[in-house]
Amino acid sequence: MNRISQGRATLGGKLSAVLVAAGSSVGLGNIWRFPYVVGENGGGAFLAIYVCCVALLGLPIMLAEFTVGRASHRNAVGAFRALDRRWSFLGYNGVLTAFLILGFYFVVAGWTAEYLVHSLTGDLAHLSSADEYATVFDEFIRSPWRPILYTGLFVLATHAVIAMGVQQGIERSAKLLMPLLLGVLVVLAIHSLLMPGSGEGLRFLFRPDFSKVTPSTILVALGQAFFSLSIGLGTMVTYASYFKPDTNLRHTALHVTLLDTAVALLAGIVIFPAVFSVGIEPSSGPSLVFITLPSIFNGMPWSMVWSSVFFLLLVIAALTSTISLHEVVTVYLHEEWHLSRRRAAWTTTLATLLLGALASLSLGVLGGCTIFGENLFDSLDFLTANILLPVGGFFTCIFVGWKLDRRILRAQLTNDEALRFRIYGVLSLLLRYFCPILLLLVFLDNLGVF
Ligand code: TRP
-10 MNRISQGRAT LGGKLSAVLV AAGSSVGLGN IWRFPYVVGE NGGGAFLAIY VCCVALLGLP
50 IMLAEFTVGR ASHRNAVGAF RALDRRWSFL GYNGVLTAFL ILGFYFVVAG WTAEYLVHSL
110 TGDLAHLSSA DEYATVFDEF IRSPWRPILY TGLFVLATHA VIAMGVQQGI ERSAKLLMPL
170 LLGVLVVLAI HSLLMPGSGE GLRFLFRPDF SKVTPSTILV ALGQAFFSLS IGLGTMVTYA
230 SYFKPDTNLR HTALHVTLLD TAVALLAGIV IFPAVFSVGI EPSSGPSLVF ITLPSIFNGM
290 PWSMVWSSVF FLLLVIAALT STISLHEVVT VYLHEEWHLS RRRAAWTTTL ATLLLGALAS
350 LSLGVLGGCT IFGENLFDSL DFLTANILLP VGGFFTCIFV GWKLDRRILR AQLTNDEALR
410 FRIYGVLSLL LRYFCPILLL LVFLDNLGVF
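Here the sequence shown is numbered in the working numbering, starting from -10 and rising by one per residue.
Encoded structure:
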């Protein structure tokens, strides 16, 4: 261990690295966003493109972030600075993006907590049509205090884990929550497969119809891959800074990517057969989970149990992701501003709580305050996912592909030549040319150039 890393936390065994990183990746992006994006973009063909994006773009960039993190053992800003002073802007971009994502992610996470509570108390069970669910959902997200209350609860839950530290908090929670999440998801998927008419949903998800593919489909798939894998803002840099010297970065990245994709697929398997069996449009958008699923569950025996289980799943997935975003900001404040970890965590918590409350209010009473015609919630979503993440990913490729000393990259990927790495050349090509060019296309598309 070098001088810099002295006194810094490290994760336990091999499994910890995978579970902690997967805890960050697997989130609302997989279970809430993935199904509705697939639904809006025509199903199977989108899925095929998405999987290619994950393999060709997600995997190399995750490895690049792991390399930067473990080579420097520092927070996102310190990591880039330690490797090349001029590149610390990339770390700042990451910390800012993490903070802004937290601003709206906490709000959606709060909704999942509220729906969990309503499922448990049986409040959702008396509604009968999808329309009624839509009205209830709409009223809820516009309320000036209820979503804020739940957002606050979620922020505090995240804070509690962060305050326990890297090993006791982050590592322990991931080890407990990730297997629980997988178990619950598998049970729900089996249940969904056994429903009458599930074949139609599966055909929609798995049978590619390439006539539905447009250039923007590819770009949407790319954006989804990015968001889902938690790459582009230094989350993986931060987590890799806690990895042990003998953690195999390639295996970790591969396993995290596979797990993340498996969870997205399972979420699709849970949701599409259900959607088709009650005749709801798969393209109904972000409300898919909050409006259509409770109404689907309601037609089933033990509806309370199923909907509680499902929203518990969403809460768990969201929590392990908010933890990772919070940690990026907290450890930055701790190491760069020299605040105690406790203070750093509280500063992050209070600041995100304020931003989250404003984002939540912007869907209701503050709806009139707009930034370029959008309310704060939508602006945060747009700015982070469509601008800051692609920018971060692009520059990460340029930095690791072109600027970083080759020996550092090699040493990290092979653990100082203890492991063999046969496809080093391929990775280098992907990082230097393929990924940056594709990301540039995403970026230009999001700016409306095409
Ligand atoms: N990947 C998480 C999800 O799918 C969200 C997330 C956590 C994230 N950390 C991130 C997204 C970093 C982008 C960058 O819900």
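Idealized CB from N, CA, C, for every residue including glycine. Small disclaimer: the values here were computed from a predicted structure and weren't measured.
Residue i versus residue j: straight-line alpha-carbon distance, rounded
i	j	result
F423	I207	14 Å
F366	I151	25 Å
V264	E270	7 Å
I260	A400	43 Å
F95	C358	20 Å
E54	L427	18 Å
C386	P425	6 Å
T316	S13	One point to set straight first is that residue 316 is Glu, not Thr, in the sequence displayed. C-alpha separation (whole angstroms): 10 Å.
F384	L79	7 Å
V304	I159	16 Å
H62	V278	39 Å
L402	T(-1)	18 Å
A229	T246	15 Å
S117	L109	17 Å
G223	G186	43 Å
F93	A146	16 Å
R409	G288	54 Å
K97	E406	Reading the sequence as shown, one finds Val at residue 97 and not Lys. Rounded to whole angstroms, V97 to E406 spans 44 Å at the Cα level.
L52	L72	16 Å
L398	T56	6 Å
M184	A178	10 Å
L433	T236	37 Å
P283	L355	28 Å
I(-7)	R74	The predicted model places I(-7) with a pLDDT of 46, which falls under 50 and marks its position as unreliable; any figure quoted below should be read in that light. C-alpha separation (whole angstroms): 16 Å.
A119	I280	7 Å
G382	H323	24 Å
I50	L429	14 Å
L8	V26	26 Å
G47	M153	30 Å
6 Å Cβ shell around residue i - same chain, five flanking residues per side excluded
i	result
R421	G390
F216	G18, A374
G28	P271, S272
M(-10)	Because M(-10) carries a pLDDT of 39, less than 50, the predicted location of this residue cannot be relied on, and the following value inherits that uncertainty. So no residue of the chain qualifies.
F286	S292, W295, S296
K233	T(-1)
A60	I397, Q401
Y104	F300
Three-state secondary structure (DSSP) of residue i
i	result
E406	coil
I38	helix
M289	coil
I412	coil
V26	helix
K201	helix
I220	coil
A102	helix
P262	helix
N440	Here the chain comprises residues numbered -10 to 439, so residue 440 is not present and cannot be evaluated.
I305	helix
K392	helix
F195	helix
A146	helix
A(-2)	coil
V155	helix
DSSP bridge partner residues for residue i (one or two, in chain order)
i	result
I360	E363
Neighbourhood of residue i by C-beta, 8 Å cutoff - its chain only, sequence neighbours within 5 removed
i	result
V202	G31, A34, F35, I38
D198	G31, G32, G33, A34
R239	L52, L402, L408, F410
Sequence-distant residues of the same chain with beta carbon closer than 7 Å to residue i, five excluded per side
i	result
Y321	N64, A65, V66, V84
A253	N19, F23, S217
T227	G58, N64, A65, E316, V317, V320
D249	A11, S14, V15, N19, S217, L218
V431	L208, L211, G212, P379
E325	N64, V66, G67
A6	L0, F232, T236, T241
V40	T250
Is there contact here, the stretch 325 to 342 with the stretch 169 to 180, by at least three beta-carbon pairs under 8 Å?
-> With the cut-off at 8 Å, the stretch 325 to 342 and the stretch 169 to 180 do not touch.
Stretch pair the stretch 130 to 138 + the stretch 319 to 332: three plus CB contacts closer than 8 Å = By the Cβ test, the stretch 130 to 138 is not in contact with the stretch 319 to 332, since fewer than three Cβ pairs between them sit closer than 8 Å.
Quick check: the stretch 161 to 168 against the stretch 304 to 319, are there 3 or more CB pairs under 8 Å?
-> Remark: three or more beta-carbon pairs, one from each stretch, lie closer than 8 Å, so the stretch 161 to 168 and the stretch 304 to 319 are flagged as touching.
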